[in-house]
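In the working numbering, the protein residues as written are 140 to 624.
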């Protein structure tokens with residue numbers, strides 16, 4: 140057989156082999172999952188950041204400070220497979236933590252481990268004032284801290300109403316709160332707390348006339364006697380028409396409604412949480428809010444977050460100051476004023492936010508479409524657990540993109556045809572296995588991995604057996620400076 144003929148048969152054989160395997164007639168490109176090598180780059184063994192699979196897939200600190208949104212319906216493993224393992228893991232590091240704990244189970248399983256590792260363990264527990272810290276968001280503020288006072292007043296109103304009302308109504312109510320808070324800051328800063336502000340709101344009456352003299356007497360800036368801004372603001376408010384004035388007053392009273400509860404007054408009248416200490420010594424605070432009272436106390440959680448973030452962003456941490464990790468369960472119920480700015484900037488201050496949502500729709504429902512999109516843009520990584528709702532699954536499927544399949548009908552056909560398919564269709568995301576997570580991170584290719592619950596990890600299981608740290612009973616007085624006109 141001649142060499143040419145032999146080569147021809149060999150060539151035909153190769154073509155047949157390629158055809159049999161689908162080569163030359165079909166190829167794929169477009170969206171894809173991360174390769175093993177790329178996965179290794181994301182979860183390098185030398186990383187010191189957050190663990191995403193409950194055992195050994197660890198992010199870099201940089202990626203951790205770009206925040207994580209955990210999208211998980213109740214009971215799908217976000218607590219056992221993510222939050223608990225990270226609390227146990229961070230117990231061995233020099234850092235501080237904020238832990239939202241709706242059921243109290245995280246405290247029961249992790250607090251003694253943190254205490255054994257040298258953490259100061261605190262709780263904000265409105266249903267048990269015998270061990271709870273007291274929290275006055277205005278603590279330490281006076282006439283020199285006007286911006287901080289305005290931010291707190293804004294948070295109080297927006298925690299209740301968010302983007303529900305037109306801006307003019309919220310703004311009027313916020314202005315009224317600011318007058319009360321600033322008068323106290325100017326003339327009697329020891330009385331600056333939410334119970335006393337609520338008292339002034341209750342004394343407002345129909346038109347504020349009963350407070351005219353008090354406002355004028357207490358509106359003098361001790362650092363600038365020519366400053367008449369509070370008096371001017373007050374006159375502007377009370378000169379509004381009856382309907383607007385009534386609306387402002389009603390919004391303020393409704394936002395402060397829980398302050399008519401004597402136990403809440405005791406909780407918020409004084410302060411024994413040194414937020415600055417979170418940078419100086421290892422500290423963990425658990426926000427233990429009873430699940431059946433979550434809506435009632437949501438304003439407390441929101442105000443704490445707002446004040447905590449503000450203090451953490453007071454200055455860039457210097458050498459020796461601690462990083463902060465926040466594990467924020469049920470974050471979809473919160474409304475944090477100006478959160479789109481916070482989430483995009485607090486990473487520079489070495490604060491990591493792990494935010495738990497039941498679905499992505501919670502973000503836009505709370506903040507609106509435009510602000511909600513800005514918030515999502517500020518989150519570096521998303522972890523989607525099994526059972527995702529359709530909107531979450533569809534949005535993530537769209538983000539992952541399409542896989543393009545290019546093919547020809549025959550070997551001699553010169554025209555290519557193609558069709559596109561979802562890299563991961565919404566139904567495939569919804570029906571992930573109970574121990575699987577879809578991980579989507581900024582400009583990296585996505586991946587699916589299995590997570591290990593803490594109780595299947597011998598080391599973490601041993602830490603959980605230590606149980607809850609028995610906090611000492613509070614011995615300080617719950618009395619406070621009560622304002623009376």
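All residues carry an ideal CB built from backbone N, CA and C; glycine is no exception. Source: prediction; values computed, not measured.
Nearest-angstrom beta carbon gap, residue j and residue i [assumed within contact, 8 Å]
{"i": "residue 346", "j": "residue 377", "result": "6 Å"}
{"i": "residue 239", "j": "residue 593", "result": "So it is not a contact: roughly 18 Å between Cβ atoms."}
{"i": "residue 417", "j": "residue 331", "result": "Not quite, the Cβ-Cβ distance comes to about 22 Å (not below 8 Å), so this is no contact."}
{"i": "residue 472", "j": "residue 437", "result": "6 Å"}
{"i": "residue 667", "j": "residue 482", "result": "As shown, the chain starts at 140 and ends at 624. That puts residue 667 outside it, with no answer to give."}
{"i": "residue 197", "j": "residue 190", "result": "5 Å"}
Three-state class that DSSP yields for residue i in the structure shown
{"i": "residue 327", "result": "coil"}
{"i": "residue 160", "result": "Low confidence applies to residue 160: its pLDDT is 45, below 50, so where it sits in the model is not reliable, and the reading given next is rough at best. Correct three-state label for residue 160: helix."}
{"i": "residue 575", "result": "strand"}
{"i": "residue 234", "result": "strand"}
{"i": "residue 386", "result": "helix"}
{"i": "residue 405", "result": "helix"}
{"i": "residue 501", "result": "helix"}
{"i": "residue 393", "result": "helix"}
{"i": "residue 597", "result": "helix"}
{"i": "residue 189", "result": "coil"}
{"i": "residue 619", "result": "coil"}
{"i": "residue 219", "result": "helix"}
{"i": "residue 544", "result": "strand"}
{"i": "residue 169", "result": "strand"}
{"i": "residue 139", "result": "No answer is possible for residue 139: the residues shown for the chain start at 140 and end at 624."}
{"i": "residue 422", "result": "strand"}
Proximity of residue i and residue j at Cβ, strictly below 7 Å
{"i": "residue 607", "j": "residue 227", "result": "no"}
{"i": "residue 474", "j": "residue 298", "result": "yes"}
{"i": "residue 511", "j": "residue 205", "result": "no"}
{"i": "residue 287", "j": "residue 317", "result": "no"}
{"i": "residue 591", "j": "residue 194", "result": "yes"}
{"i": "residue 575", "j": "residue 587", "result": "yes"}
{"i": "residue 539", "j": "residue 585", "result": "yes"}
{"i": "residue 408", "j": "residue 334", "result": "yes"}
{"i": "residue 325", "j": "residue 370", "result": "no"}
{"i": "residue 425", "j": "residue 312", "result": "no"}
{"i": "residue 354", "j": "residue 322", "result": "yes"}
{"i": "residue 262", "j": "residue 427", "result": "yes"}
For residue i, the first and last residue of its enclosing alpha helix (DSSP H)
{"i": "residue 439", "result": "437 to 451"}
{"i": "residue 342", "result": "No alpha helix (DSSP H) contains residue 342, which DSSP labels as neither H nor E."}
{"i": "residue 286", "result": "285 to 300"}
{"i": "residue 464", "result": "Note, residue 464: premise wrong, no alpha helix (DSSP H); beta strand (DSSP E) at 462 to 467."}
{"i": "residue 510", "result": "508 to 516"}
{"i": "residue 536", "result": "529 to 539"}
{"i": "residue 588", "result": "No alpha helix (DSSP H) holds residue 588; the beta strand (DSSP E) holding it covers 586 to 589."}
{"i": "residue 204", "result": "First-last for residue 204: undefined, no H or E at that position."}
{"i": "residue 94", "result": "What the structure shows of the chain is the stretch from 140 to 624, and residue 94 is not part of that stretch, so it cannot be assessed."}
Residue range of the beta strand (DSSP E) that includes residue i
{"i": "residue 208", "result": "207 to 210"}
{"i": "residue 556", "result": "556 to 561"}
{"i": "residue 226", "result": "Premise fails: residue 226 lies in the alpha helix (DSSP H), 223 to 229, not in any beta strand (DSSP E)."}
{"i": "residue 198", "result": "Per DSSP, residue 198 belongs to no beta strand (DSSP E) and is neither H nor E."}
{"i": "residue 177", "result": "From DSSP, residue 177 is part of no beta strand (DSSP E) but of the alpha helix (DSSP H) over 175 to 181."}
{"i": "residue 277", "result": "Premise fails: residue 277 is in no beta strand (DSSP E) and is neither H nor E."}
{"i": "residue 367", "result": "Neither: residue 367 is in no beta strand (DSSP E) and is coded neither H nor E."}
{"i": "residue 354", "result": "Careful: residue 354 lies outside any beta strand (DSSP E), inside the alpha helix (DSSP H) at 351 to 356."}
{"i": "residue 246", "result": "Counting along the chain, residue 246 falls outside any beta strand (DSSP E), though it belongs to the alpha helix (DSSP H) covering 244 to 255."}
{"i": "residue 260", "result": "259 to 263"}
> Taking three-plus beta-carbon pairs below 8 Å as touching, is the region 229 to 236 in contact with the region 581 to 588?
Replying inline: no
> Pairing CB atoms from the region 486 to 506 with CB atoms from the region 208 to 225, are three or more of them under 8 Å?
Replying inline: yes
> How about the region 399 to 415 and the region 271 to 285: do they share at least three Cβ pairs that are nearer than 8 Å?
Replying inline: yes
>> Quick check: the region 558 to 575 against the region 524 to 541, are at least 3 beta-carbon pairs closer than 8 Å?
In response: yes
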